[in-house]
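Under the numbering used here, the residue at position 31 of the sequence shown is numbered 17, and the numbers go up by one with no gaps. Ideal placement from N, C-alpha and C gives every residue a C-beta, glycine not left out. Fair warning: this is a prediction, and the values are worked out from it, not measured in the lab. For reference, the structure is listed below as structure tokens.
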Amino acid sequence: MPINRKCFFLKKFLNSHSGFDREELQNYLNLFAFIMNEGNQYERVEKILECSLHCPKTLNYRDKFCK
């Protein structure tokens, strides 16, 4: 895939997540790279679910909205 096309998709991806914290930019770029990588889509789905289910971080509603 040409680099201009990948840049277009990256811009579209970041614009669709416009409210993200700029300090978390590396995590969004990692997610974009993971999504755009070639390979078996079922293996990628399995890997992302495994990572998300084993994530120790939780966010409570009150922690997010009662500041």
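Alpha carbon to alpha carbon, how far is residue j from residue i? Give it in angstroms, no decimals.
{"i": "GLU32", "j": "MET22", "result": "16 Å"}
{"i": "ASN(-10)", "j": "LYS(-3)", "result": "11 Å"}
{"i": "GLN12", "j": "HIS40", "result": "20 Å"}
{"i": "PRO42", "j": "TYR28", "result": "24 Å"}
{"i": "THR44", "j": "PHE18", "result": "22 Å"}
Identify the continuous alpha helix (DSSP H) that holds residue i and give its terminal residues.
{"i": "SER2", "result": "-11 to 2"}
{"i": "PHE18", "result": "11 to 22"}
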